[in-house]
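The opening position of the sequence shown corresponds to residue 1 in UniProt numbering, with each subsequent residue numbered one higher. We put the CB at the ideal spot given by N, CA and C, even for glycine. For reference, the structure discussed in these notes is given below.
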Amino acid sequence: IRFDTTIGPLQYADQFLQLSIKLPSSNIYGVGEHVHKQYRHDVNWKTWPMFSRDIGPSGEMHNLYGVQTFFLCLEDSTGASFGIFLMNSNAMEFVVQPAPAVTYRTIGGILDFYIFLGNTPEQVVQEYLKLVGLPALPSYWSLGFQLSRWNYGSLDEVKKVVERNRAIGLPYDAQITDIDYMEEKKDFTYDKVKFRDLPNFAAYMHEYGQKYIIILDPAISTQNLVDGSPYGTYVRGESKKVWVNESDGVTALIGEVWPGETVFPDFTNPDCTSWWVEECKLFYNVVPYDGIWIDMNEVSSFVAGSKSGCAPNDLNYPPFTPSILEKLMYSKTLCMDAVQNWGKHYDVHSLYGYSMAISTQKVIEALFPGKRSFLISRSTFVGSGKHTGHWLGDNAATWDHLKWAIPGMLEFNLFGIPYIGADICGFFDNTTEELCRRWMQVGAFYPFSRNHNCEGFVPQDPAVFGADSVLVKTSKYYLNIRYTLLPYLYTLFYKAHTQGDTVVRPVLHEFYSDEVTWSVDRQFLWGPGLLISPVLDPGVDVIQAYIPDAVWYEYDTGAKISVRKQWTSMYLPADKLGLHLRGGYIYPTQKPANTTFASRKNPMGLIIALDDNSAASGDLFWDDGESTGTVEKKSYIYYEFTVSNNVLQMYATNSNYTDPNNLKFEEIKILGAVQEITSVTVSQNNVVEKATPTITYNPLEKVAHITGLQLELGKSYTVKWTQEPSVNERFDCYPSPNATQEKCEQLGCLWDPATSNLNVPPCYYSSDNAYSVDKVEYTSSGLTANITLNSAKTTANENFTTPISTLRLEVKYHLNNMLQFKIYDYQNARYEVPIPLDLPSSPTSTDNERLYEVSVQKKPFGIQVRRKSTGTVIWDSQLPTFTFSDMFIQISTRLASQYIYGFGENEHTMFRRNMSWQSWGMFTRDQPPTYHLNSYGHHPFYMALEEDGSAHGVLFLNSNAMDVTVQPTPALTYRTTGGILDFYMVLGPTPELVVQEYTALIGRPVMPPYWSLGFQLCRYGYRNDSEIAQLVEDMKRADIPYDVQYVDIDHMERQLDFTIGTHFAGLPALINRIKEQGMRFIIILDPAISGNETNYPTFSRGVQDDVFIKWPDTNDIIYSKVWPFLPNVQVNESLPEQIQIKLYGAHAAFPDFFRNSTVAWWKREILEFYNNPTNASRSIKFDGLWIDMNEPAAFMNGAIGGCRNDLLNMPPYIPNLGYRSEGLAFKTPCMEGQQYLPDGTPVRHYDVHSLYGWSQTKPTLE
């Protein structure tokens, strides 16, 4: 049962009629005009009065400007809906109660109900509007952005506003003047001082392709003009007796409005309409204009009733007065016993604006024959949309009014007035930059898009905030999107005009089966496809937005979002609005311009947003944009577009209009193209046309862009495309050696070795990564999120490569040019690199100044970093490779270009990286430079150039064995064997700035002494100190510039640090002599210390101070072999070096330079070598130190007797290192070696191996 009146008795008296209706659902929408703070009615005993009244929106339950008695009820999730409309214009109340039930209570007329049944809410609206009148089709130019304010002060100021907004390139179609243009606020006059050039203003606007709109109020002054002459408008009206009369039906009722004492035209009188048309014509002949805004037509008067008061009768004081504002029928309006042509004002009061709109529409027909022009009215009634648009009245610059505009717009679309908007940035009160910026963003998607404010408050046109302001930039950005989508918006208005569709549409109309949508009113749709999610609160850059159950694409990037049928935290920084295109729809577009006059000459295009089935459909209505009767005469072009199976059908169902601009569809964007489009064919009437379009494909967003098309508007075409997977999109699923089909398929990956490039991986991922995101929390300085594992997708079965499910993401906006993002296991602490970075104690970046913006893709997980100034994506890790396990962590990112520099230490044949599937291992090793082999250092940093020449750098702070693969996608993949993912990105934007910012982060390079910039000499193999002395003399005689001399390990006794060999007994004296001559001397030190000596203080004191790396959970030192030889043996120097080491090498221990005790020990050994405490003559007065073999190097794999932990030395994944089959302990100590950080934290050599040289350098420098 939809309509059940048994819940309450019918009451029917002359001045009190009441009927209650029990409803099947509490989902009640509509009835107005009020401020409804939410779109769905609160049914907890609310009483809403209806009686047109000049009162601005507020948080109160006041009756506002118009009367709309229609409501819609959604019954359930099937979409079944019905609407109820009461045809009654008397003052009334509408009561909602929890039953659920509604009560209509009116004080006159009859109860004349209409009930509309529909299968969907949208169908109910269509049925209602076919009864009361379908909306007018607006002129195309009226869909452009408009500027207005009350009291510019002068025409010169108006022109300043126009010029400054033109100068910033603001899309902007119309300028409006309020009553300040008039002489003493009298209709059909202009101020001949402050607005003396107003007769030429329309022509001034037209030169730029813009329009001029005037305001008219109904109240007509009874007073003479400033010059003392009679006010002709009043005189002519008086002669025709066109006024609302007092109760005698003869005497004109006198009130007071802006110009002072006034009379009120009775627009229900045909003679009044004729007079009104004539007055508008007379004024147009003096001051041309393009459209009319009618205001104050509730009707408003500033005295109660009339200047002579109102009679005490049942009309002015009825037995029951609804709960209207002030509970006085004639408050701020006319006496209820006043007489109009349609009846007593008591009955027709709420029809005043409706009748004025009809008369003003007659004006437009007379002034602009055959043209639609422009008309908006403040007061409306049922069916007003046939004649006029509306705005939501005199709002205020508050965040509440910004919010409440959305339910208001949704309601007026139910009422059949889709040309609706609110005063952008607020009418009353001083706006703020933040409020106005957010309002301009969402206001760009109001059907009637106008920025308007009141006298006495700060200007708020966009340009006043500064040409380079964020407000101007974001206003232009979203207005350009509006103008791009005007063909889509205009088509929506055509559907409203012909079948009653909503334009601004509640989310529930499209997704009624989802109960969550029933109360969504902080977002709205344009038609079925464009979802607008604005920021509506101060100080907020994260909103909770509902993403309905469909495929959705980000408008900005075209990328498909992973969220669906759920609430999501949407990050919207200062310059962003949430804007998404629904999959399954085709959106006609046109290249934007700063006016619709210019944009209508531009090329057209299509945005095809594919749904789950790779299909889409849409349509386009196109006529001349201004003529009346084009629909009835079929003087238009109408397209039906469909896409399926990679075929676009463009079917022109009507082509009875020829556009004078010879428009063509020149581009097509396809969103959700999962594979690269390789060819396009265009045919007409089954004949393939010669076409050479350009095809670009962005694999990051999966967007194909076809340009260079020449599809003539009005003709039917078929466009077909072919797609092929690109090998460049392969990401290696089996990076270990010896991949086979069996091994590949066990991982759930695809095997296809059919490629001529052997570097292309034959085993590659075919599905998304197994991680998704929840609990995203944004702050002003970053964000955090949990990364959860979809266990159904995991394929690993080893404990140490089983994906971890307890991950957290932290993003910190440290500086405007630097950010960090870090992924770690929040349940189990993992090793993190202990190197300190120069970071601010707390982030100092600001939203406005940041060079970057970060977004988190939720499913599958990914991070995206975009350069704000260009929109270039410089990091995007939403790729199938991401995994995080104990001993295998992998993450990939797409790159902004092929221009990548860095990564080391490796031998590279050129500065720029070769992107053809090259892998570079990073793990410190005693490896002389050899192409592709990992060498002495560990530098996981790269710099990248973007296509416009901007540069950025990325540091991966991880010291475990790793490799990085670059591929022509362009993309790169990091694989590491432990630790966490900890990335730092610097934004440059020049290459030199990138280096500066990077070194500011990791530490500036040490300042070298001046002498170290001179020429230096060294060799491994000096036989004695005499040879060095002779070399010095020879260089001097040859007069060769020469500052520094070295000795290598051959100066030592059997390669023992801090010793002097017998052949170099004269080295101390030689060093002193050289220094006296102004030269410098440098000696070498290796870290490995021999343990086979009986009297070697360096070792014995090291043992005493516990400085050496040991086996875990023991007190046993790990010994390997390096340079030191055993004591008391005769070395056969004719043997190969490695044989000598094997036969004669001593047990060598490795100091743990992280330990505080090691630092003190090392410093002491160096100082005592410099100042020998027992024999000063053996002091080595060096000037500098050269530390070598600190990868750390060993001349055997691991340790004497072998390593003891196979898992650490041969982990599940061995990165792409040299001698990969030998494992990680190749030419270095065992990975299980136990080391201790300065705070005593134990760490494995497995984790800190590549930090060994770093840890030795700092104490050596000190």
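For Q710, the enclosing beta strand (DSSP E) stretches over residues V703 to E712.
Straight across, the Cα-Cα distance linking N602 with L620 is about 16 Å. In this structure, the CA atom of E127 is about 36 Å from the CA atom of T398. The DSSP-derived three-state label of L536 is coil. Residue state for M1035 is assigned as helix, using DSSP reduced to three classes.
For K241, no beta strand (DSSP E) encloses it, and the DSSP letter there is neither H nor E.
Following the DSSP letters along the chain, one finds A101 inside the beta strand (DSSP E) bounded by residues A101 to T106. A direct Cα-to-Cα measurement between A785 and K775 gives close to 5 Å. D54 sits in coil when the DSSP states are folded into three classes, being neither helix nor strand. The shortest CA-to-CA distance from Y114 to any of P100, E122, N88 and V542 is the one to N88. Bridge pairing for P49: E93 [DSSP]. Judged by beta-carbon spacing, L225 lies beyond the 8 Å limit of E279, meaning their Cβ atoms are not closer than that value.
The beta carbon of R236 sits closer than 8 Å to those of W275, E278 and E279, all from its chain and outside the five residues before and after it, given in chain order.
Under the DSSP assignment, G408 falls in the alpha helix (DSSP H) whose first and last residues are W399 to L414. Looking at the backbone, the Cα of G949 and that of Y852 are separated by about 16 Å. By the neighbour-count criterion, in which a residue is buried when 16 or more other Cβ atoms sit within 10 angstroms of its Cβ, S1255 is buried. Of all alpha-carbon atoms in Q967, D501 and G578, the one lying nearest the alpha-carbon of Q523 is that of G578.
In this structure S221 is not in contact with P265, their Cβ atoms being roughly 12 Å apart against a cut-off of 8 Å.
Here the alpha carbon of D423 sits roughly 20 Å from the alpha carbon of A357. By the Cβ criterion, the region 282-298 is in contact with the region 338-358, since at least three pairs of Cβ atoms, one from each stretch, lie closer than 8 Å. The beta-carbon distance between E832 and A896, rounded to whole angstroms, is 28 Å. This is too long to meet the 8 Å contact definition.
Counting along the chain, T491 sits inside the alpha helix (DSSP H) bounded by residues L486 to Q499. Out of Y587, T388, I706 and G782, the CA that lies nearest to the CA of P573 is found in G782. With a threshold of 16 other beta carbon atoms within 10 Å, E777 falls short and is exposed. The straight-line gap separating the alpha-carbon atoms of Q649 and G708 is approximately 18 Å. Per DSSP, reduced to three states, the secondary structure at K634 is coil, with no helix or strand assignment. Nearest in C-alpha terms to S869, of all of I176, V856, N817 and I900, is N817. Take the alpha-carbon of N1132 and the one of Q927: they are about 25 Å apart. Remark: C-beta atoms of R925 and T692 do not approach each other more closely than 8 Å. Excluding the 5 residues flanking it on each side, R372 has same chain C-beta neighbours closer than 6 Å at S139, E626 and T628, in chain order. Within the region 278-365, the runs of beta strand (DSSP E) that reach at least 3 residues and sit entirely inside it are, in chain order, 291-294.
If you draw a straight line from the Cα of K690 to the Cα of V719, it comes to about 12 Å.
Nearest Cα to Y1213 within the set R1178, K560 and R975: R975.
Taken in chain order, the whole beta strand (DSSP E) runs of length 3 or more contained in the region 536-620 are 542-547, 552-554, 566-571, 578-582, 585-590 and 604-609. Rounded to whole angstroms, the Cβ separation of A1148 and P1127 is 13 Å, and the two are not in contact under 8 Å. When L134, P135, G30 and L23 are compared, the shortest CA-CA separation from A99 is found for L23.
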